[in-house]
Amino acid sequence: MNFLSIKKLLAQDTVENQSVAVRGWLRSKRDSKAGISFLSLHDGSCFASLQVVAPQSLNNYESEVLKLTSGCALEVCGDLVCSKGGEQNLEIQASQITVVGWVQNPDTYPIAKKRHSFEFLRTQAHLRPRTNTFTAITQIRNTLANAIHNYFYKNNFYWINTPIITSSDCEGAGELFRVSTLDFLSRSSSVDSKSDFEKDFFGEETFLTVSGQLEVEAYCLAMGKVYTFGPTFRAENSNTSRHLAEFWMVEPEVAFANLRDNIDLAENFLKSILSVVINECQEELNFFEKRINPTVINRIMDLINTDFQRIEYSEAVKILKSSKESFEFPVSWGKDLASEHERYLAERYVQGPLVISNYPREIKAFYMRLNDDEKTVAAMDILVPGIGEIIGGSQREERLEILDDRMDPHLVDKLWWYRDLRRYGSVPHAGFGLGFERLLNYVTGMENIRDAIPYPRYPGHAEF
Ligand code: 4AD
Ligand code: MG
470 MNFLSIKKLL AQDTVENQSV AVRGWLRSKR DSKAGISFLS LHDGSCFASL
520 QVVAPQSLNN YESEVLKLTS GCALEVCGDL VCSKGGEQNL EIQASQITVV
570 GWVQNPDTYP IAKKRHSFEF LRTQAHLRPR TNTFTAITQI RNTLANAIHN
620 YFYKNNFYWI NTPIITSSDC EGAGELFRVS TLDFLSRSSS VDSKSDFEKD
670 FFGEETFLTV SGQLEVEAYC LAMGKVYTFG PTFRAENSNT SRHLAEFWMV
720 EPEVAFANLR DNIDLAENFL KSILSVVINE CQEELNFFEK RINPTVINRI
770 MDLINTDFQR IEYSEAVKIL KSSKESFEFP VSWGKDLASE HERYLAERYV
820 QGPLVISNYP REIKAFYMRL NDDEKTVAAM DILVPGIGEI IGGSQREERL
870 EILDDRMDPH LVDKLWWYRD LRRYGSVPHA GFGLGFERLL NYVTGMENIR
920 DAIPYPRYPG HAEF
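According to the working numbering, the sequence shown is numbered sequentially starting from 470.
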């Protein structure tokens with residue numbers, strides 16, 4: 470039997486009673502009194518389901534078709550015809566329905582037709598891809614990931630696979646997950662001091678990476694334009710709708726580039742990948758607009774069509790201070806912006822994407838380039854409405870003496886190889902990191918970042 474995907478079937482404009490075979494999972498079923506059942510079949514190939522009309526004359530109509538419930542796996546043969554019903558153009562008049570997998574105890578099947586809360590669906594992470602919402606998120610996530618790789622490929626960037634296990638803390642925030650083969654439970658091998666890690670697998674303390682930046686910088690200073698795109702890990706105990714302990718990050722890095730080039734790249738990159746989603750995911754975006762957030766398509770179009778506003782940190786502080794908003798956290802020069810400040814600036818003040826640059830040196834990482842004022846560094850964050858910070862980046866400190874000065878003394882030995890890059894043909898270079906799941910929340914309008922990744926990891930949750 471030659472099975473076709475529902476996507477292929479539905480892509481046809483006209484049909485002349487063509488005989489076809491499809492397979493997938495039953496989303497829902499309605500039995501009419503006239504002895505016909507209407508089945509909605511989904512196979513993952515596209516967002517839409519296919520309507521299957523099952524007549525009483527099927528030999529297993531009474532014994533099986535009437536007993537089918539949501540989630541059953543089926544093979545269907547029949548004629549593809551133009552549909553008389555309202556919602557779809559095409560349907561299958563079934564001549565044979567084979568049940569490949571029953572749903573045992575349908576009463577216990579968690580993904581029934583009714584609408585579930587996203588909180589509940591997180592407890593069913595293995596079955597939630599069978600819902601409309603998670604089908605659509607999965608499709609958009611896939612399209613975006615491809616658009617990202619294509620963007621860089623077309624623009625002659627090399628994709629560098631940076632390590633997941635590392636011994637350095639790129640962001641210096643101490644939010645690291647330890648990687649070790651030492652037996653922490655047995656008393657004989659107890660770990661009392663740092664030197665005990667000499668006995669560990671790698672002969673030193675190692676962790677899951679928080680960012681591939683330091684390693685990708687080395688490739689940048691040989692290959693010119695590079696990026697890394699992979700999982701990153703942060704043991705920050707933030708139970709918020711914007712933080713995951715495991716998330717995917719896209720980090721381009723460009724040689725002979727300054728902060729302005731970096732912002733230009735970020736703006737062009739975002740516009741370009743979002744245009745791909747607008748062109749390729751119309752059905753999914755219409756779903757999100759109708760069911761999740763009525764502004765999603767508009768805000769994507771706004772981002773594509775308007776120049777990003779650019780201001781300096783000092784200006785942002787002035788705007789916040791003179792606003793009439795009552796913030797929970799006070800604003801003053803030298804303090805990092807809280808999420809309420811970022812959202813006020815993007816949502817109320819600019820009502821669109823906003824780039825803030827030149828932050829105080831004290832609140833930013835050691836690798837960011839010191840500006841001539843010696844008070845600020847060449848850093849930039851991009852904020853968008855509904856999310857806040859979606860991108861963080863900077864021009865890197867390419868001058869060894871200043872880098873050493875900004876480094877924590879214990880790092881000077883540890884990052885000898887990173888310092889080498891400043892000794893052997895150092896050039897100005899810059900890059901940024903885009904949080905892939907934050908981007909997905911922006912595109913889909915989903916509120917919680919735990920719904921933007923198949924299996925979310927956050928404090929207390931690693932079940933699946
Ligand atoms: O601002 P961050 O920490 O920057 C870096 O890691 C740099 N090394 C990037 C670079 O310059 N190459 O993180 C970058 C982005 C943030 O803007 C945010 O979108 C996302 O990563 N992000 C998170 N996303 C989900 N959960 C978390 N816990 C995140 N922390 C950061
Ligand atoms: Mg940041």
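Backbone N, C-alpha and C define an ideal beta-carbon position, used for all residues, glycine too.
Quick caveat: nothing in here was measured; it's all calculated off a predicted structure.
- Per DSSP, residue 913 is one residue of the alpha helix (DSSP H) stretching across 905–913.
- The three-state reading of DSSP puts residue 598 in helix, counting H, G and I together.
- Taking a contact as a CB-CB distance under 8 Å, the pair residue 676 and residue 646 counts as one, their CB atoms being some 6 Å apart.
- Chain order is used for the residues whose beta-carbon lies nearer than 7 Å to a heavy atom of the ligand MG, namely 850, 858, 861.
- In this chain, the beta strand (DSSP E) harbouring residue 850 covers 845–853.
- A residue is called buried when at least 16 other Cβ atoms come within 10 angstroms of its Cβ; residue 767 does not meet this threshold and is exposed.
- Separation of residue 706 and residue 928 (C-alpha to C-alpha, rounded to the nearest whole angstrom) is 6 Å.
- In the three-state reduction of the DSSP assignment, residue 770 falls in the helix class.
- Counting along the chain, residue 524 sits inside the beta strand (DSSP E) bounded by residues 519–524.
- Here the C-alpha atom of residue 585 lies approximately 51 Å from the C-alpha atom of residue 879.
- DSSP, reduced to helix, strand and coil, places residue 612 within a helical segment of the structure shown.
- Around the C-beta of residue 764, fewer than 16 other C-beta atoms lie within 10 Å, and the residue is accordingly described as exposed.
- Residue 531 and residue 496 have their alpha carbons spaced roughly 20 Å apart.
- Membership of residue 583 in any alpha helix (DSSP H) is not indicated, and neither H nor E is assigned to it by DSSP.
- Contact annotation, residue 857 with residue 811: C-beta distance approximately 4 Å; criterion of less than 8 Å satisfied.
- Considering only 851, 846, 884, the residue with the shortest C-alpha distance to residue 866 is 846.
- Not one heavy atom of the ligand 4AD falls within 7 Å of the beta-carbon of residue 898.
- In this structure, the CA atom of residue 901 is about 14 Å from the CA atom of residue 626.
- The alpha carbon of residue 570 has as its nearest neighbour, out of 652, 737, 492, the alpha carbon of 492.
- Runs of the alpha helix (DSSP H) lying entirely within the stretch 627–709 and spanning at least 4 residues, in chain order: 682–692.
- Annotation: the continuous beta strand (DSSP E) that includes residue 716 extends over 715–724.
- Assignment of residue 859 by DSSP, reduced to helix, strand and coil, places it in the strand class.
- Around the Cβ of residue 577, a 10 Å sphere holds fewer than 16 other Cβ atoms; the residue is exposed.
- About 5 Å separates the Cβ atoms of residue 548 and residue 486, confirming a contact at the 8 Å cut-off.
- Distance from residue 593 to residue 579 at the Cβ level is roughly 5 Å; contact confirmed, criterion being Cβ atoms closer than 8 Å.
- Taken from the Cβ of residue 680, at least one heavy atom of the ligand 4AD lies inside 7 Å.
- Rounded to the nearest whole angstrom, the CA to CA distance from residue 714 to residue 644 is 10 Å.
- Pairing residue 687 with residue 704, the inter-Cα distance amounts to about 26 Å.
- Relative to the non-hydrogen atoms of the ligand 4AD, the Cβ of residue 749 never comes closer than 7 Å to any of them.
- Not one heavy atom of the ligand 4AD falls within 7 Å of the beta-carbon of residue 646.
- The alpha-carbon separation between residue 513 and residue 604 amounts to approximately 7 Å.
- Distance check between residue 876 and each of 833, 575, 822 places 833 closest, using alpha-carbon atoms only.
- Within 7 Å of the C-beta of residue 795 there is not a single heavy atom belonging to the ligand 4AD.
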